[in-house]
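Residue numbers (my numbering), protein chains in the order written: chain B, 15 to 272; chain E, -16 to 301.
For each residue, glycine too, the CB sits at the ideal point set by N, CA and C.
What you are looking at is a predicted structure, and each value in this text was computed from that prediction instead of being measured.
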């Protein structure tokens, strides 16, 4: 057996280990977001949505579907990946990862791969749930999958970075609560940024989540706040920034090694 | 013979400025059991953690089975198993799942038969589907050993393997270590229990304040540094040592009922001096008509050697 080159067994071990936790906590992982999303549809889709006009030619209930999916994917990716790497740090079992013949890249493939898989399945389940409440159509399935993948991977990577950075459970929650949640709500999940006053609209363009949601929504209804090309470019750019951060972490052994 | 682990000029200074290792050189031979002794904070765990890849060295090199641990870390780590000192385990996973995970992490193809063998050897087979958090401390320690053995390492580090474990597990551990050695595994262990090193090790290294102060075969170390003591139970108690015995390292104990003779078992007498060995002493006693009912000899334990070595250097023995 070769002991050099890509450690496929190691990546697979981490991936399976993480997925096993997902299955073990299936109730929290799947049922909770499905119930929450259903409530969103009841409140925004039916109760409020019935009094709202169409947005960009799409009924309001259907309009919010891509935004809601993105919201869940962002949150789930970050929490899954950050917890996945933070927990071994917290319990001390990280010693095994550090002493294993596995590279940082392979470690990330395992953790981020598993976190992305989880959040993509969650996104697809929410999409399926949505079809029970509102008429949903996906005009560009290829782009939809592309955005889904790109977002899940990017934010799982972001979660991984947070998990490595966090020194305690508080810090683990800090960034998702203080930064990500506001950005998501202000990112046009429930409205088109065209509805915002001009000044806020300009400000919104600095919010990376706007591009994710806009691009994702375009793949459904061909209605977008910003061009789909720009959306793809911005999302890829964010991914690139994270890859650079992770690369630096790897080189410096940041917060993993003494 | 090429050593299986060659450490040269290894130093480690932590970000806090604490210098944990000062230019350590050490060679471990294939198939031996090497015990690393030292007080708390002497650098034992730092040394192990560097070899295993958990701590980055400040300078120096470590070569494990021909592979540099930094440049060629995949090949080096593939051969090394580690049981750390702290009891750190997963909580929600089952015993079998966590041990199987370890095997994969160390790039071994799945082998349920090997996992079963390891779990049986460690009396964990009955607990294989139990979640780790429901295990006792001793059982968790066994799980950590099983994890380290899951990928069939050729070099095994045991960092205080028997700290806080009960007698039964300790005995099991010793048996396991011997069995591993017989199968060709090189074992490096640190311990606070000197009797453990005395019982198990082929060679002993003593580390104090980041420096390896002694590396010696156990038997030689005991010979070199071990003091022997002869105790004679006298027929008649003595109030004081007779002047004729002045010059002999003797002491009266037990209210004058015992005569204690402490000597270096292997020290040669100074040239021209009368030999000071047991036959000479007994002969001299005969001449002086000092009778004794009984005699016994004892040898200083590794613990005493260790304490004297470390306290010589101003350290506090563990």
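Inter-residue spacing [alpha-carbon to alpha-carbon] between residue i and residue j
| i | j | result |
| --- | --- | --- |
| residue 52/E | residue 39/E | 10 Å |
| residue 290/E | residue 23/E | 13 Å |
| residue 167/B | residue 224/B | 17 Å |
| residue -14/E | residue 48/E | 7 Å |
| residue 117/B | residue 161/B | 28 Å |
| residue 299/E | residue 25/E | Because residue 299/E carries a pLDDT of 49, less than 50, the predicted location of this residue cannot be relied on, and no value is offered for it. |
| residue 215/B | residue 46/B | 33 Å |
| residue 252/B | residue 109/E | 49 Å |
| residue 238/B | residue 151/B | 15 Å |
| residue 72/E | residue 183/E | 27 Å |
| residue 35/B | residue -2/E | 35 Å |
| residue 265/B | residue 165/E | 40 Å |
| residue 62/B | residue 73/B | 12 Å |
| residue 189/B | residue 195/B | 9 Å |
| residue 38/B | residue 76/E | 9 Å |
| residue 301/E | residue 265/E | For residue 301/E, the predicted model reports a pLDDT of 44, less than 50, meaning its position is unreliable; a value from the coordinates is still stated below. Going from the Cα of residue 301/E to the Cα of residue 265/E covers about 39 Å. |
| residue 105/B | residue 177/E | 30 Å |
| residue 10/E | residue 116/E | 39 Å |
| residue 212/E | residue 233/E | 10 Å |
| residue 271/B | residue 282/E | 44 Å |
| residue 64/B | residue 229/B | 25 Å |
Contacts of residue i in chain B (Cβ-Cβ under 7 Å)
| i | result |
| --- | --- |
| residue 60/E | 113, 114, 115 |
| residue 172/E | None at all; the shortest Cβ gap to chain B is about 16 Å. |
| residue -11/E | The contacting residues do not exist; residue -11/E stays about 19 Å from chain B at best. |
| residue 228/E | Within chain B, no residue comes near residue 228/E; the closest Cβ sits about 58 Å away, beyond 7 Å. |
| residue 72/E | 107 |
Residues that residue i contacts on chain C, provided the C-beta gap is smaller than 7 Å
| i | result |
| --- | --- |
| residue 240/B | The structure shown has no chain C; the protein chains it does contain are B and E. |
Contact under 9 Å by Cβ, residue i with residue j
| i | j | result |
| --- | --- | --- |
| residue 172/B | residue 125/B | no |
| residue -7/E | residue 6/E | yes |
| residue 132/E | residue 160/E | no |
| residue 86/B | residue 140/B | yes |
| residue 129/B | residue 88/E | no |
| residue 59/B | residue 75/B | yes |
| residue 129/E | residue 197/E | no |
| residue 95/B | residue 169/B | yes |
| residue 302/E | residue 215/E | With chain E represented from -16 up to 301, any question about residue 302/E goes unanswered, as that position is not in the structure. |
| residue 180/B | residue 268/B | no |
| residue 138/E | residue 170/E | yes |
| residue 84/E | residue 30/B | yes |
| residue 213/B | residue 77/B | no |
| residue 98/E | residue 90/E | no |
Span of the beta strand (DSSP E), counted from its first residue to its last, around residue i
| i | result |
| --- | --- |
| residue 211/E | 210 to 217 |
| residue 184/B | First-last for residue 184/B: 183 to 189, but that is the alpha helix (DSSP H), not the beta strand (DSSP E). |
| residue 186/E | 186 to 191 |
| residue 138/E | 138 to 142 |
| residue 10/E | 2 to 11 |
| residue 42/B | Segment: none, residue 42/B is in no beta strand (DSSP E) and carries neither H nor E. |
| residue 170/E | 169 to 173 |
| residue 36/B | Counting along the chain, residue 36/B falls outside any beta strand (DSSP E), though it belongs to the alpha helix (DSSP H) covering 22 to 38. |
| residue 244/E | 241 to 247 |
| residue 20/E | 16 to 20 |
| residue 234/E | 233 to 236 |
| residue 182/E | No beta strand (DSSP E) holds residue 182/E; the alpha helix (DSSP H) holding it covers 177 to 183. |
Amino acids of chain E, ordered along the chain, whose beta-carbon sits closer than 7 Å to that of residue i
| i | result |
| --- | --- |
| residue 31/B | 84 |
| residue 27/B | 84, 87, 88 |
Range of the contiguous alpha helix (DSSP H) that encloses residue i
| i | result |
| --- | --- |
| residue 96/B | 74 to 105 |
| residue 265/B | 242 to 266 |
| residue 124/B | 118 to 145 |
| residue 64/E | That residue, residue 64/E, is in no alpha helix (DSSP H); its beta strand (DSSP E) goes 63 to 66. |
| residue 100/E | 95 to 104 |
| residue 173/B | 155 to 179 |
| residue 261/E | 261 to 270 |
| residue 155/E | 150 to 165 |
| residue 338/E | This structure gives no information on residue 338/E, because the portion of chain E shown stretches from -16 to 301. |
Chain E residues whose Cβ lies nearer than 8 Å to that of residue i
| i | result |
| --- | --- |
| residue 38/B | 75 |
| residue 34/B | 76, 80 |
| residue 267/B | 39 |
Within chain B, partners of residue i - CB distance below 9 Å
| i | result |
| --- | --- |
| residue 69/E | 106, 109 |
| residue 57/E | 17, 18, 19, 21, 115, 116, 117 |
| residue 65/E | 109, 110, 113 |
Going along the chain, which residues of the region 103 to 130 of chain E sit with their C-beta nearer than 8 Å to a C-beta in chain B?
130
Along the region 95 to 107 of chain B, where does the CB come closer than 9 Å to a CB of chain E? Name the residues.
101, 102, 105, 106, 107
Name the residues in the region 162 to 191 of chain B whose C-beta lies less than 7 Å from a C-beta of chain E; which are they?
none
For the region 230 to 254 of chain B, which residues have a beta carbon sitting closer than 7 Å to at least one beta carbon of chain E?
none
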